[in-house]
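Numbering (the UniProt record's numbering), first residue to last: 1 to 289.
1. Three or more beta-carbon pairs under 8 angstroms between the segment 227-236 and the segment 101-111, yes or no?
2. Drop a sphere of 10 angstroms on the beta-carbon of residue 204, count the other beta-carbons inside from all chains shown, and report buried for 16 or more, exposed for fewer.
3. Going by other Cβ atoms of all chains shown within 10 Å of its Cβ, with 16 needed for buried, is residue 195 buried or exposed?
4. With a CB to CB cut of under 7 angstroms and the five nearest residues on each side skipped, what residues in its chain are close to residue 149?
5. Considering Cα atoms alone, identify which of 116, 141 and 238 is closest to residue 180.
6. Is there contact here, the segment 271-278 with the segment 204-218, by at least three beta-carbon pairs under 8 angstroms?
7. Might you give, ordered along the chain, the residues of its own chain that have their beta carbon closer than 8 angstroms to the beta carbon of residue 157, omitting 5 neighbours on each side?
8. In this structure, does DSSP put residue 289 in helix, strand or coil?
9. Grouping DSSP H, G and I as helix and E and B as strand, with all else coil, what is residue 158?
10. Name, in chain order, the residues that DSSP records as bridge partners for residue 261.
11. Given a threshold of 16 other Cβ atoms within 10 Å of its Cβ, counted over all protein chains shown, does residue 238 qualify as buried or as exposed?
12. Count the CB pairs spanning the segment 161-179 and the segment 122-142 that are closer than 8 angstroms, and state whether there are at least three.
13. Mapping the DSSP letters down to three states, classify residue 229 as helix, strand or coil.
14. Can you list, in chain order, the residues of its chain with a C-beta nearer than 7 angstroms to that of residue 38? Leave out the 5 residues immediately preceding and following it.
15. What does the alpha-carbon distance come out to for the pair residue 97 and residue 110?
16. What does the Cβ neighbour count give for residue 221, buried or exposed, with the cut at 16 atoms within 10 Å?
17. Would you mind sorting residue 278 into buried or exposed? The rule is 16 or more other CB atoms within 10 Å of its CB.
18. In this structure, how does DSSP classify residue 237 when only helix, strand and coil are distinguished?
19. Am I right that residue 171 and residue 262 are in contact with their C-beta atoms under 8 angstroms? What's the rounded C-beta distance?
20. Work out the CA separation of residue 211 and residue 187 for me, nearest whole Å.
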């Protein structure tokens, strides 16, 4: 499983200094770049001062971060994405910034994107893109990490544990960028989950069997979408479609050990995709600043 997802960290409105080098290549763009970046930061401050203004606050901050990244790259190319979407740049897969998913009581907001890469010898082959979504109510319980840097957040397992334990929905949306046999997909997933469950109970075994059954006889073509949605710490919904967001739930996994193991696969101390976790950490740092 260690080779499947790698993420591209979310850009932050205050990333001007770390992206200073490209600016020197295009000195004629410098004044406009600074002005637009200041405006972007200013809009975030206004959003925190006036939380009642229209629109989803996390979505506004995500858009602001995306805008800043586009500003820095604008000298080389026109980057702008549609306001309602964020693009995972390594795969060009676009994720909605806000989605309503099967089994969820309210819309979820995009918190980070990434991709998984399978390596053959020294050649990396991208398998799927992923977008991580949360119910915004979860963020209100993270005030203890307010003002922390992205590096501090990424290395603090207690923050991700708090996200997992929150009694609110979070979901991983996987979009395949190549054809994958369902059994192969499950075997890679199981390879990462099983070692994290030391002594499986009968409940765990049943949950894993149900999980396996979703993929065993299924062909996952390019464009297929898989949703892994944690309703609460011990209940997860799995939905699969051949294209576009699924509209139904294919299976319910009810096992605290299995659901927590899957979360740990992506956001634990040794995640299969350090860069996906980094992307989420960067966005959290911006949101909680």
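Ideal placement from N, C-alpha and C gives every residue a C-beta, glycine not left out.
Taking the structure as given:
1. The segment 227-236 is in contact with the segment 101-111.
2. Reading the chain shown from its first residue, position 204 is the one you call residue 204. Around the beta carbon of residue 204, a 10 Å sphere encloses 16 or more other beta carbons of the protein chains shown; the residue is thus reported as buried.
3. Residue numbering aside, residue 195 sits at position 195 when the chain shown is read from its first letter. Classified as exposed, residue 195 has fewer than 16 neighbouring CB atoms from the shown chains inside 10 Å of its CB.
4. Within the chain shown, residue 149 is the residue found at index 149, counting from 1. In chain order, 285 place their CB closer than 7 angstroms to the CB of residue 149, counting only its own chain and leaving out the 5 sequence neighbours on each side.
5. As a first step, residue 180 must be located in the chain shown, where it is residue number 180. The residue with the shortest Cα to Cα distance from residue 180 is 116.
6. With the cut-off at 8 angstroms, the segment 271-278 and the segment 204-218 do not touch.
7. For the purposes of this step, residue 157 is taken as residue 157 along the chain shown, with counting starting at 1. Taking C-beta separations shorter than 8 angstroms and ignoring five residues to either side along the sequence, the partners of residue 157 in its chain run 268 and 269, following chain order.
8. The count along the chain shown starts at 1 and reaches residue 289 at position 289. DSSP places residue 289 in coil when its eight states are reduced to three.
9. Within the chain shown, residue 158 is the residue found at index 158, counting from 1. Correct three-state label for residue 158: helix.
10. In the chain shown, the residue the question calls residue 261 occupies position 261. Beta-bridge pairing by DSSP links residue 261 to no other residue.
11. Counting from one through the chain shown, the residue named residue 238 turns up at place 238. Classification of residue 238: buried, given that the 10 Å Cβ count is 16 or more.
12. Output reads yes: the segment 122-142 touches the segment 161-179.
13. For the purposes of this step, residue 229 is taken as residue 229 along the chain shown, with counting starting at 1. Under the three-state reduction of DSSP output, residue 229 falls in the strand class.
14. Residue mapping note: residue 38 aligns to position 38 of the chain shown, counting from 1. With a pLDDT of 43 at residue 38, under the threshold of 50, the modelled position of that residue is not reliable, and the figure given next carries that caveat. Residues of the same chain with their beta carbon placed closer than 7 angstroms to that of residue 38 are lacking, with the five preceding and five following residues left out of the count.
15. Taking the chain shown and counting its residues from 1, the one referred to as residue 97 is at position 97. Taking the chain shown and counting its residues from 1, the one referred to as residue 110 is at position 110. For residue 97 and residue 110, the distance between alpha carbons rounds to 5 angstroms.
16. Walking along the chain shown from the start, residue 221 turns up at place 221. Around the C-beta of residue 221, fewer than 16 other C-beta atoms lie within 10 Å, and the residue is accordingly described as exposed.
17. Translated into the one-based positions of the chain shown, residue 278 becomes position 278. Burial is judged here by how many other beta carbons sit within 10 angstroms of a residue's own beta carbon; residue 278 has at least 16 and is buried.
18. By one-based count along the chain shown, residue 237 stands at place 237. The answer is strand: DSSP assigns residue 237 an E or B state.
19. Residue mapping note: residue 171 aligns to position 171 of the chain shown, counting from 1. Residue mapping note: residue 262 aligns to position 262 of the chain shown, counting from 1. Not quite, the Cβ-Cβ distance comes to about 12 angstroms (not below 8 angstroms), so this is no contact.
20. For this step, residue 187 is matched to residue 187 along the chain shown. For this step, residue 211 is matched to residue 211 along the chain shown. Their Cα atoms are separated by approximately 11 angstroms.
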